[in-house]
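Student: Numbered per UniProt numbering, the sequence shown spans residues 1 to 590. Quick one: structure below, then a few questions.
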Amino acid sequence: MSTTESTLTVPCVPGNAPFTSEQRSWLNGMLAGIFSQAPASQAPQQSGPALPILYGSQTGNAESLARQAAKAAKAGGFTPEVIDMESYPHEQLATATQLVIITSTYGEGEPPDNAKPLHDFLHGAQAPRLDKLRYTVLGLGDSNYPDFNRCAKEFDQRLSELGAQRLCESVYCDVDFEDAYAQWFDAVLKAADKSPAGGANEVTSTVTELESPQPQETGHSRKNPFPAPILENLNLNREGSLKETRHLAFSLEGSGLTYEAGDALGVFPRNCPELVAEILRITGFDGDESVPNPEGGDIPLHLALSEHYDITGLSKLFLAHYAPLADHPELNELLADGNDRLDAFLHGRQIIDPLVQFPARFGSARDFVGTLKKLSPRLYSISSSPKAHPGEVHLTVGAVRYEAHGRARKGVCSTFLAGLTPGDTVSVFVQPNRHFKPPAQAERPMIMVGPGTGIAPFRAFLQERQASAARGRNWLFFGDQRRGCDFLYEDQLTQMQSGGYLHRLDTAFSRDGTDKVYVQHRMVEQGRELFAWLEEGAHFYVCGDASRMAKDVDAALHAVISEHSGLGEDHARHYVDILRKEKRYVRDVY
């Protein structure tokens with residue numbers, strides 16, 4: 001029998017399907033048995049060589065690109081397989097012949113949650129030699145951060161160390177990734193194995209997920225955002241607070257956009273007018289100069305700096321372009337000294353800082369914008385359920401304002417949104433997140449940890465469960481600085497409690513006592529009951545800061561399981577791994 005005739009793609013149940021691990025294993029075994037015994041005429045037929053596309057995604061961008069790549073690969077004559085990295089069988093690496101990886105990096109250079117198991121396996125002692133493998137990696141990152149695309153680079157380096165050869169050069173994208181992705185995947189399709197079997201095993205099992213329903217494409221998207229009118233913009237903090245947290249409601253009427261609880265809203269911001277004016281003054285331009293629009297054509301410089309270019313994020317690349325113009329000894333020394341000192345200089349500074357500290361003249365306005373990155377949209381967790389607020393979408397946004405290096409700073413998008421009034425419009429799109437959803441089984445308990453603006457998706461989850469009359473119990477851990485002025489959505493949460501939809505609410509207000517108490521401390525205090533909920537099948541969710549809070553909550557979760565199972569730390573690690581594999585421990589962290 002020829003390889004082409006015997007190559008079967010055996011589907012498996014998605015990791016986020018409403019089954020236990022035992023049920024999924026049984027169903028996958030049944031599917032494997034059915035497909036292995038089926039005659040070739042009844043089995044799914046591959047239309048071309050197999051092309052596995054693995055994604056590691058925290059917010060959904062990498063997954064969206066993986067599915068976009070699959071469409072292009074299919075049109076190019078391949079049979080693509082879109083694979084969540086967490087679902088990829090590690091034993092299959094030893095016989096794989098080609099692999100496409102698309103992954104983001106989050107936090108302090110860490111792999112996305114769903115990429116961590118494969119990342120750890122490849123960097124462990126059990127990783128096999130991969131001399132037969134040809135691969136390529138696309139990384140999604142932000143060059144304003146020191147660990148730019150670290151996860152993608154580590155995958156690339158480790159695969160090479162294990163003997164794999166690059167299918168084509170790996171590419172590390174900045175926040176504006178569309179063009180770089182298109183060029184990279186065009187190279188992938190030209191270099192990929194086009195032999196009939198594509199180097200695939202005779203039977204590829206437990207790799208291709210049964211397609212979950214995908215949101216219907218509409219006329220509005222990241223490339224064609226919808227101008228959403230603001231319906232409401234309220235400050236959720238009371239008098240005496242050191243914070244400003246805005247509740248924003250937008251109308252989606254007539255947009256064709258749909259979303260689900262757990263998805264994110266992409267927002268295209270506009271830069272601070274005062275900052276634009278200061279940059280024009282320092283550079284000596286009047287703002288009427290004609291410069292390239294990143295979307296095509298030419299526009300006045302003032303408009304370009306206001307709406308199209310990033311004029312805050314200071315990167316090594318900008319300094320490298322700027323240093324020859326300034327020719328300042330201190331700046332030249334910074335660039336020559338290497339990463340550590342340069343990273344320290346970049347921390348907390350923005351483009352305005354070197355313009356002031358090391359004055360120089362650009363040859364033209366076009367030269368100036370040539371050093372800038374495109375202004376990218378920001379993603380915010382949606383804080384409403386479409387079932388509770390049809391035709392609307394809500395956000396919970398903390399306005400970022402601080403001082404650094406003697407200058408007042410503003411978060412680009414958060415302060416832009418904070419300053420808007422009802423009737424103003426904002427360009428938006430929906431970013432689906434398939435993995436961050438309320439439990440598919442309505443009777444399953446749900447534990448949510450969301451301090452500060454991390455409460456956003458859990459407000460949506462609770463509204464969703466209430467609107468659909470889900471029977472599962474709900475437990476929220478919320479924290480902030482002071483109960484009297486920082487208890488976000490207190491009235492709504494209290495109403496949900498009294499109505500029987502929020503069964504437990506544990507709070508931690510760090511500035512109200514002599515000792516600072518955070519949500520992870522409340523978890524440990526309530527550890528016995530928390531573990532009991534997990535044993536009953538509860539899903540555990542975390543939303544908020546990745547660098548500190550999420551790590552502390554993860555450590556607390558391990559400690560709770562270790563203590564209340566009575567089986568110690570090793571068992572706790574295994575228990576948490578199972579929770580992740582069953583999609584019962586998921587995080588929306590940033």
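All C-beta atoms, glycine included, are put in the ideal place defined by N, C-alpha and C.
At what residues does the alpha helix (DSSP H) containing Glu-178 begin and finish?
Tutor: For the purposes of this step, residue 178 is taken as the residue at position 178 of the sequence shown. Where Glu-178 is concerned, the enclosing alpha helix (DSSP H) stretches over 178 to 191.
Student: How would you label Asn-339, buried or exposed, when you count the other beta carbons within 10 angstroms and need 16 or more for buried?
Tutor: If you number the sequence shown from 1, residue 339 lands on position 339. Per the 10 Å Cβ criterion, exposed.
Student: Give the straight-line distance between the Cα atoms of Gln-216 and Pro-432, rounded to the nearest whole angstrom.
Tutor: Stepping through the sequence shown from its first residue, residue 216 is reached at position 216. Stepping through the sequence shown from its first residue, residue 432 is reached at position 432. Note that Gln-216 scores a pLDDT of 43, beneath 50, so its modelled location is shaky; the value from the coordinates is reported in the next line. Cα-Cα distance, rounded: 11 angstroms.
Student: Determine the burial state of Gly-56: buried for a count of at least 16 other Cβ atoms within 10 Å of its Cβ, exposed for fewer.
Tutor: Here the question's residue 56 lines up with position 56 in the sequence shown. The residue is buried, with at least 16 neighbouring Cβ atoms inside 10 Å.
Student: Assign Thr-95 to one of three DSSP states: helix, strand, or coil.
Tutor: Here residue 95 is taken as the residue at index 95 of the sequence shown, counted from 1. If DSSP states are grouped into helix, strand and coil, Thr-95 belongs with the helices.
Student: For Ile-83, which beta-bridge partners are listed by DSSP?
Tutor: The residue you call residue 83 lines up with position 83 of the sequence shown. Per DSSP, Leu-54.
Student: Among the residues of its own chain, which have a CB less than 6 angstroms from the CB of Val-175, if the five just before and after it don't count?
Tutor: Locating residue 175 in the sequence shown gives position 175, counting from the first residue. Hits under 6 angstroms: Asp-142, Ser-376.
Student: Hey, could you find the ends of the beta strand (DSSP E) Thr-425 is sitting in?
Tutor: Taking the sequence shown and counting its residues from 1, one reaches residue 425 at position 425. Element bounds for Thr-425: 425 to 431.
Student: Starting from Lys-71 and walking both ways along the alpha helix (DSSP H), at which residues does that stretch end?
Tutor: Residue mapping note: residue 71 aligns to position 71 of the sequence shown, counting from 1. Segment 61 to 75, the alpha helix (DSSP H) holding Lys-71.
Student: Please determine if the stretch 349 to 357 and the stretch 312 to 323 are in contact, where contact requires at least 3 C-beta pairs separated by less than 8 angstroms.
Tutor: Yes, since at least three Cβ pairs between the stretch 349 to 357 and the stretch 312 to 323 fall closer than 8 angstroms, the two stretches touch.
Student: Could you check what DSSP says for Ser-290 in three-state terms: helix, strand or coil?
Tutor: Here the question's residue 290 lines up with position 290 in the sequence shown. Three-state DSSP puts Ser-290 in a strand.
Student: Which of helix, strand or coil does DSSP assign to Lys-387?
Tutor: In the sequence shown, residue 387 corresponds to position 387, counting from 1. If DSSP states are grouped into helix, strand and coil, Lys-387 belongs with coil.
Student: Compute the Euclidean distance between the alpha carbons of Ser-160 and Gly-297, then round it to the nearest angstrom.
Tutor: The sequence position of residue 160 within the sequence shown is 160, counting from 1. The sequence position of residue 297 within the sequence shown is 297, counting from 1. Whole-angstrom Cα-Cα distance: 41 angstroms.
Student: Quick check on the burial criterion: 16 or more other C-beta atoms within 10 angstroms. Buried or exposed for His-405?
Tutor: For the purposes of this step, residue 405 is taken as the residue at position 405 of the sequence shown. It counts as exposed.
Student: Roughly how many angstroms separate the alpha carbons of Pro-112 and Pro-445, rounded to a whole number?
Tutor: The count along the sequence shown starts at 1 and reaches residue 112 at position 112. The count along the sequence shown starts at 1 and reaches residue 445 at position 445. Each residue's Cα considered, the two are about 25 angstroms apart.
Student: Nearest to Pro-438 by CA position, among Thr-453, Gln-463, Leu-162, Gly-419, is which residue?
Tutor: Translated into positions along the sequence shown, residue 438 becomes position 438. Out of Thr-453, Gln-463, Leu-162, Gly-419, Gln-463 has the C-alpha closest to the C-alpha of Pro-438.
Student: Apart from the five residues just before and just after Ala-66, which ones in its own chain have a Cβ nearer than 7 angstroms to its Cβ?
Tutor: Residue numbering aside, residue 66 sits at position 66 when the sequence shown is read from its first letter. So the qualifying residues of the chain are Ile-53, Tyr-55, Val-82, Ile-102.
Student: Could you round the C-beta distance between Leu-167 and Ala-152 to whole angstroms and report it? I think they count as a contact, below 8 angstroms.
Tutor: In the sequence shown, residue 167 corresponds to position 167, counting from 1. In the sequence shown, residue 152 corresponds to position 152, counting from 1. Actually they are not in contact, since the Cβ atoms of Leu-167 and Ala-152 sit about 15 angstroms apart, beyond 8 angstroms.
Student: Among the candidates Leu-476, Arg-465, Trp-533, whose CA atom is the shortest distance from the CA of Ala-388?
Tutor: For the purposes of this step, residue 388 is identified with residue 388 of the sequence shown, where counting begins at 1. That would be Arg-465, whose Cα lies nearest to the Cα of Ala-388.
Student: Would you kindly work out how many angstroms separate the C-alpha atoms of Leu-335 and Arg-401, rounded to a whole number?
Tutor: Sequence index remark: in the sequence shown, residue 335 carries index 335 (1-based). Sequence index remark: in the sequence shown, residue 401 carries index 401 (1-based). Their Cα atoms are separated by approximately 29 angstroms.
Student: Closest by CA to Glu-178, which one among Asn-61, His-90, Leu-257, Arg-129?
Tutor: As a working note, residue 178 is residue 178 in the sequence shown. Among Asn-61, His-90, Leu-257, Arg-129, the Cα nearest to that of Glu-178 belongs to Asn-61.
Student: Comparing C-alpha positions only, which one of Cys-485, Gly-484, Gln-492, Asn-474 sits nearest to His-503?
Tutor: As a working note, residue 503 is residue 503 in the sequence shown. Checking every option, the nearest Cα to that of His-503 belongs to Asn-474.
Student: Output the distance between the C-alpha atoms of Thr-494 and Leu-231, rounded to the nearest integer angstrom.
Tutor: What you label residue 494 is simply residue 494 of the sequence shown in a count that begins at 1. What you label residue 231 is simply residue 231 of the sequence shown in a count that begins at 1. Going by the C-alpha atoms only, they are around 24 angstroms apart.
Student: Rounded to whole angstroms, what's the CA-CA distance from His-123 to Pro-386? Just pull it up for me.
Tutor: Within the sequence shown, the letter at position 123 stands for residue 123. Within the sequence shown, the letter at position 386 stands for residue 386. So the alpha carbons of these two residues sit roughly 42 angstroms apart.
Student: Quick test of the definition: if touching needs 3 or more C-beta pairs under 8 angstroms, does the stretch 363 to 372 touch the stretch 420 to 429?
Tutor: Touching, no, given that fewer than three Cβ pairs across the two stretches are closer than 8 angstroms.
Student: Taking the runs of the beta strand (DSSP E) that are 3 residues or longer, which of them lie wholly in the stretch 458 to 487?
Tutor: Counting whole runs of 3 or more residues, the stretch 458 to 487 contains the beta strand (DSSP E) stretches 474 to 480.
Student: Quick check on Tyr-374: does DSSP put it in helix, strand or coil?
Tutor: Against the sequence shown, residue 374 aligns to sequence position 374. Reading off the sequence, residue 374 comes out as Lys, not Tyr. Strand at Lys-374.
Student: Buried or exposed: which applies to Met-1, given that a residue is buried once 16 or more other Cβ atoms fall within 10 Å of its Cβ?
Tutor: The residue labelled residue 1 in the question sits at position 1 within the sequence shown. In this predicted model, Met-1 has a pLDDT of only 36, less than 50, meaning its place in the structure is not dependable enough to derive any value.
Student: What is the C-beta distance between Val-542 and Arg-584, in whole angstroms, given that I count them as a contact (C-beta under 8 angstroms)?
Tutor: Here residue 542 is taken as the residue at index 542 of the sequence shown, counted from 1. Here residue 584 is taken as the residue at index 584 of the sequence shown, counted from 1. Actually they are not in contact, since the Cβ atoms of Val-542 and Arg-584 sit about 12 angstroms apart, beyond 8 angstroms.
Student: For Asn-271 versus Glu-307, is the C-beta distance shorter than 9 angstroms?
Tutor: Indexing the sequence shown from 1 puts residue 271 at position 271. Indexing the sequence shown from 1 puts residue 307 at position 307. In this structure, Glu-307 lies closer than 9 angstroms to Asn-271 by Cβ.
Student: Could you check what DSSP says for Ala-249 in three-state terms: helix, strand or coil?
Tutor: Along the sequence shown, one-based indexing puts residue 249 at 249. Correct three-state label for Ala-249: strand.
Student: Can you tell which of Val-267, Tyr-309, Ile-299 has the C-alpha that lies nearest to the C-alpha of Ile-279?
Tutor: Residue numbering aside, residue 279 sits at position 279 when the sequence shown is read from its first letter. For the residues Val-267, Tyr-309, Ile-299, the minimum Cα distance to Ile-279 belongs to Tyr-309.
Student: Take Leu-252 as the anchor and find which of Ala-228, Ser-241, Leu-265 has the nearest alpha-carbon.
Tutor: For the purposes of this step, residue 252 is taken as the residue at position 252 of the sequence shown. When only C-alpha atoms are compared, the closest one is Ala-228.
Student: Taking the straight line between their C-alpha atoms, what separation do you get for Phe-268 and Arg-407?
Tutor: In the sequence shown, counting from the first residue as 1, residue 268 sits at position 268. In the sequence shown, counting from the first residue as 1, residue 407 sits at position 407. Each residue's Cα considered, the two are about 25 angstroms apart.
Student: Any idea what DSSP makes of Arg-522, helix, strand or coil?
Tutor: Working through the sequence shown from its first residue, we reach residue 522 at position 522. Of the three classes helix, strand and coil, the one that applies to Arg-522 here is helix, per DSSP.
Student: Determine which residues share a DSSP beta bridge with Arg-401 and list them.
Tutor: Working through the sequence shown from its first residue, we reach residue 401 at position 401. DSSP output for Arg-401 lists Lys-410 as bridge partner(s).
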